[in-house]
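**Q** Same order as they appear, the protein sequences are chains G and W.
Quick note: the first sequence, position 155, residue 155 per UniProt numbering, numbers continuous.
Quick note: the second sequence, position 144, residue 144 per UniProt numbering, numbers continuous.
Glycine is no exception: its CB is placed at the ideal position from the N, C-alpha and C atoms.
There are 2 protein chains.
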Amino acid sequence: MSTEAASRRGVPDATVARLPGYLRALTALADDGVVSVSSEELSALAGVGPAKLRKDLSHLGSYGVRGVGYDVTMLAAEITEVLGLARDWPVAIIGMGNLGRALAAYRGFATRGFKVVAVLDHDERLVGLRAAGLVVQAMADLPALVREQGLAIGVIATPPESAQDVADQLVAAGVRSILNFAPVVLSVPGGVDVRKVDLGTELQILAFLAQQRTVPTTRTAEVS
Amino acid sequence: MSTEAASRRGVPDATVARLPGYLRALTALADDGVVSVSSEELSALAGVGPAKLRKDLSHLGSYGVRGVGYDVTMLAAEITEVLGLARDWPVAIIGMGNLGRALAAYRGFATRGFKVVAVLDHDERLVGLRAAGLVVQAMADLPALVREQGLAIGVIATPPESAQDVADQLVAAGVRSILNFAPVVLSVPGGVDVRKVDLGTELQILAFLAQQRTVPTTRTAEVS
DNA sequence: GTGTGTGAAAAATTTCACAGCT
DNA sequence: AGCTGTGAAATTTTTCACACAC
Chain G
1 MSTEAASRRG
11 VPDATVARLP
21 GYLRALTALA
31 DDGVVSVSSE
41 ELSALAGVGP
51 AKLRKDLSHL
61 GSYGVRGVGY
71 DVTMLAAEIT
81 EVLGLARDWP
91 VAIIGMGNLG
101 RALAAYRGFA
111 TRGFKVVAVL
121 DHDERLVGLR
131 AAGLVVQAMA
141 DLPALVREQG
151 LAIGVIATPP
161 ESAQDVADQL
171 VAAGVRSILN
181 FAPVVLSVPG
191 GVDVRKVDLG
201 TELQILAFLA
211 QQRTVPTTRT
221 AEVS
Chain W
1 MSTEAASRRG
11 VPDATVARLP
21 GYLRALTALA
31 DDGVVSVSSE
41 ELSALAGVGP
51 AKLRKDLSHL
61 GSYGVRGVGY
71 DVTMLAAEIT
81 EVLGLARDWP
91 VAIIGMGNLG
101 RALAAYRGFA
111 TRGFKVVAVL
121 DHDERLVGLR
131 AAGLVVQAMA
141 DLPALVREQG
151 LAIGVIATPP
161 ESAQDVADQL
171 VAAGVRSILN
181 FAPVVLSVPG
191 GVDVRKVDLG
201 TELQILAFLA
211 QQRTVPTTRT
221 AEVS
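#1: Answer yes or no: does any C-beta atom of chain W fall closer than 8 Å to that of Thr15(G)?
#2: Give a yes or no on whether the C-beta atoms belonging to Thr201(G) and Pro20(W) are separated by under 8 Å.
#3: With a cut-off of 8 Å, does the C-beta of Thr158(W) fall near any C-beta of chain G?
#4: Is Gly128(G) buried or exposed, if buried means 16 or more other CB atoms sit within 10 Å of its CB?
#5: State the Cα-Cα distance for the pair Gln149(G) and Thr27(G), rounded to the nearest angstrom.
#6: Please classify Val223(G): is it buried, with 16 or more other beta-carbons within 10 angstroms of its beta-carbon, or exposed?
#7: Does the pairing of the segment 107-127 of chain W with the segment 76-96 of chain W give three or more beta-carbon distances under 8 Å?
#8: Output, in chain order, the set of chain W residues within a Cβ distance shorter than 9 Å of Ala105(G).
#9: Provide the residue(s) that pair with Gly69(G) in DSSP beta bridges, ordered along the chain.
#10: Just to make sure I have the definition right: I need the residues of chain G whose C-beta is within less than 9 Å of the C-beta of Leu42(W). Which are they?
#11: Helix, strand or coil for Asp141(W), going by three-state DSSP, please let me know.
#12: Of all the CB atoms in chain W, is at least one closer than 8 Å to the CB of Val119(G)?
#13: Can you say whether Glu124(W) is buried or exposed, counting buried as having 16 or more other CB atoms within 10 angstroms of its CB?
#14: State the Cα-Cα distance for the pair Ala152(G) and Ser177(G), rounded to the nearest angstrom.
#15: Would Met96(G) and Leu60(G) qualify as a contact pair, given that the criterion is a beta-carbon distance under 8 Å?
#16: Determine the closest residue to Arg147(G) out of Asp165(G), Thr158(G) and Val117(G), with distance taken between C-alpha atoms.
#17: Please state the DSSP three-state secondary structure of Ser224(G).
#18: With C-beta atoms as the reference, is Ala102(G) less than 8 Å away from Val119(G)?
#19: Give the C-beta separation of Leu23(W) and Thr73(W) to the nearest angstrom, bearing in mind that I take them to be a contact with Cβ-Cβ under 8 Å.
#20: Let me check understanding here. Comparing Cα to Cα, which of Gly69(W), Tyr106(W) and Ala157(W) lies closest to Gly133(W)?
#21: Between the alpha carbons of Gly100(G) and Leu206(W), how many angstroms are there, rounded?
#22: Taking DSSP as the reference, what is the three-state secondary structure of Asp193(G)?
#23: In angstroms with no decimal places, state the Cα-to-Cα distance between Leu142(G) and Gly33(G).
#24: According to DSSP, what are the bridge partners of Ile94(G)?
#25: Given this structure, state the Cα-to-Cα distance separating Val185(W) from Ile156(W), to the nearest angstrom.
#26: Could you have a look at Val136(G) and say whether DSSP puts it in helix, strand or coil?
#27: Can you look up Ala131(G) in the DSSP assignment and give me helix, strand or coil?
#28: For Ser36(W), list the residues DSSP reports as bridge partners.
#29: Name the two residues that bound the continuous beta strand (DSSP E) containing Ser177(G).
#30: How about Ala210(G) and Asp168(W): are their beta carbons less than 8 Å apart?
#31: Quick one: grab the DSSP three-state call for Met1(G).
#32: If you follow the alpha helix (DSSP H) that Thr15(G) is part of, which residue opens it and which one closes it?
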């Protein structure tokens, strides 16, 4: 019954991208014992405008009370449901370089509905060693992980040269969700979702914005 | 002269966000000795549609030749210019935990117009130790870094509890570009740009998409 | 009175399709 | 003939403003 508007297709992408932020804010409020929030307060915590928040939430259904606000616990539960975080998602991290090890050690997976069930590396010399409490496995173990652990999400933390190869192996093993930290565009068959996190891109965007501050604007004959 | 449409305000945000991808593809092509590309080829390498690529590039000016394509070197130079990467941007990484050390060790800053000039940590016990070839500095050194090294970008890789505090110190020291890896919404004064990279958010979006595949669609009475 | 939910308007982004330059 | 550059259309996202429920 918690599924209604929830499972209906039609939550806009832009909204989905903001739901994790709302969930985080709600979780923090719940931890502080707060029972109810207004769109004004919640939106401030999430760093968006109140109107946007209300519009976003309206796509999930009516979980607020007019004149009052939103029930923190109930709304958090609903967003958890919509995002599919009611269950735990088994995650594997591939590539035990600096980044891979840092990701493996990252606490916060557990608290957000994810469980790192394996770390793997292409390099035979690393297989068998321990990283963040897990034994590094070989790439050949992927199919078994999918079969036996229900592995659903692969995180690629390899150098760019190996990323496509790893992606192919993940797909072949049946993984259909990939988070890619390597600075390359992966090509995958339809039905597989890839999201990319790229440090370089973010810095370059910051550089653009910083430069624009320095050279404010070319006065483009704004003589009215 | 390389500045024309380049420095004019009015490059859409969505376009700016894609320029780093184009630049990366162009750099790879140049390394392979390719002289000219069509929008079709370049867009495929960057993972977007050809029409979108052409529209994006049109905001920078006319750098293609009809019937031929784009000059790889020239276009790369132009995008470099527009993004403000003609100069090197001094970067500091704050927080020498797992993630901070991984970021500090990340090669790829140098090749993209950034230089890590300092790594710092709030913890006095880490100050003076070495991380990725740099001596860890104290937070109190920030103003000097800005003054003497021209530090322009701060990367926050601390636990969430300290992130706002670090942001405040960065801003106080004069840094106006922040890349935040901590899962919190930072509040900063106007004129300061913050971009956020959040592993948890990306995974949660993947979970949503994966779940939607599982429960394709609630058949919403599509009886036509 | 108060704050949500939402149509409608505005703005931004994407896609189309073709004129125009080489 | 071939491929860019771009108006115009289509789509998505954001913002507004107010009726409505409590």
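**A** According to the structure data:
#1: Taking the first residue of the first sequence as position 1, residue 15(G) is located at position 15. Not an interface residue.
#2: Here the question's residue 201(G) lines up with position 201 in the first sequence. Here the question's residue 20(W) lines up with position 20 in the second sequence. Result yes, Cβ atoms of Thr201(G) and Pro20(W) sit closer than 8 Å.
#3: The residue given as residue 158(W) occupies position 158 in the second sequence. Closer than 8 Å: no.
#4: Along the first sequence, one-based indexing puts residue 128(G) at 128. Exposed, because fewer than 16 other Cβ atoms sit within 10 Å of the Cβ of Gly128(G).
#5: What you label residue 149(G) is simply residue 149 of the first sequence in a count that begins at 1. What you label residue 27(G) is simply residue 27 of the first sequence in a count that begins at 1. Cα-Cα distance, rounded: 28 Å.
#6: On the first sequence, position 223 is the one that residue 223(G) refers to. Low confidence applies here, because Val223(G) scores a pLDDT of 32, under 50, leaving its location unreliable and the question unanswered by this model.
#7: yes
#8: Locating residue 105(G) in the first sequence gives position 105, where the first residue counts as 1. Residues of chain W passing the Cβ test: Gly97, Asn98 and Leu99.
#9: For the purposes of this step, residue 69(G) is taken as the residue at position 69 of the first sequence. Note: Gly69(G) sits in a beta bridge opposite Val65(G).
#10: Locating residue 42(W) in the second sequence gives position 42, where the first residue counts as 1. Correct list: empty, because the minimum Cβ distance to chain G is about 11 Å.
#11: Here the question's residue 141(W) lines up with position 141 in the second sequence. Three-state DSSP puts Asp141(W) in a helix.
#12: To locate residue 119(G), count along the first sequence from 1; it is residue 119. Closer than 8 Å: no.
#13: Against the second sequence, residue 124(W) aligns to sequence position 124. Glu124(W) should be labelled exposed.
#14: Start at 1 with the first residue of the first sequence, and residue 152(G) comes out as number 152. Start at 1 with the first residue of the first sequence, and residue 177(G) comes out as number 177. Straight-line Cα distance between these residues: approximately 7 Å.
#15: Within the first sequence, residue 96(G) is the residue found at index 96, counting from 1. Within the first sequence, residue 60(G) is the residue found at index 60, counting from 1. Taking 8 Å as the Cβ cut-off, Met96(G) and Leu60(G) do not qualify as a contacting pair.
#16: Within the first sequence, the letter at position 147 stands for residue 147(G). Considering only alpha carbons, the answer is Val117(G).
#17: Counting from one through the first sequence, the residue named residue 224(G) turns up at place 224. Note that Ser224(G) has pLDDT 30, beneath the 50 cutoff, so the model's placement of it is unreliable and no number is given.
#18: Taking the first residue of the first sequence as 1, we reach residue 102(G) at position 102. Taking the first residue of the first sequence as 1, we reach residue 119(G) at position 119. Cβ atoms of Ala102(G) and Val119(G): not closer than 8 Å.
#19: Counting from one through the second sequence, the residue named residue 23(W) turns up at place 23. Counting from one through the second sequence, the residue named residue 73(W) turns up at place 73. In fact, because the Cβ distance is near 12 Å, the residues do not count as touching under 8 Å.
#20: Within the second sequence, the letter at position 133 stands for residue 133(W). The option with the nearest alpha carbon to Gly133(W) is Tyr106(W).
#21: Here the question's residue 100(G) lines up with position 100 in the first sequence. Here the question's residue 206(W) lines up with position 206 in the second sequence. Roughly 19 Å between the two C-alpha positions.
#22: Counting from one through the first sequence, the residue named residue 193(G) turns up at place 193. Strand, per DSSP.
#23: Taking the first sequence and counting its residues from 1, the one referred to as residue 142(G) is at position 142. Taking the first sequence and counting its residues from 1, the one referred to as residue 33(G) is at position 33. Rounded to whole angstroms, Leu142(G) to Gly33(G) spans 42 Å at the Cα level.
#24: Position 94 of the first sequence, counted from the start, is the residue given in the question as residue 94(G). The beta-bridge partner set that DSSP reports for Ile94(G) consists of Leu120(G) and Ile156(G).
#25: What you label residue 185(W) is simply residue 185 of the second sequence in a count that begins at 1. What you label residue 156(W) is simply residue 156 of the second sequence in a count that begins at 1. The alpha-carbon atoms of Val185(W) and Ile156(W) are separated by roughly 12 Å.
#26: Sequence index remark: in the first sequence, residue 136(G) carries index 136 (1-based). DSSP places Val136(G) in strand when its eight states are reduced to three.
#27: As a first step, residue 131(G) is located in the first sequence; it is residue number 131 there, counting from the start. Here Ala131(G) sits in strand by DSSP.
#28: As a position in the second sequence, residue 36(W) is number 36, starting the count at 1. Ser36(W) pairs with Asp71(W).
#29: Residue 177(G) sits at position 177 when you count from the first residue of the first sequence. Per DSSP, Ser177(G) belongs to the beta strand (DSSP E) from Ser177 to Asn180.
#30: In the first sequence, the residue the question calls residue 210(G) occupies position 210. In the second sequence, the residue the question calls residue 168(W) occupies position 168. No, the pair does not count as a contact, with Cβ atoms beyond the cut-off.
#31: Your numbering for residue 1(G) matches position 1 in the first sequence. Because Met1(G) carries a pLDDT of 36, less than 50, the predicted location of this residue cannot be relied on, and the following value inherits that uncertainty. It is coil, neither helix nor strand.
#32: Walking along the first sequence from the start, residue 15(G) turns up at place 15. Per DSSP, Thr15(G) belongs to the alpha helix (DSSP H) from Asp13 to Asp31.
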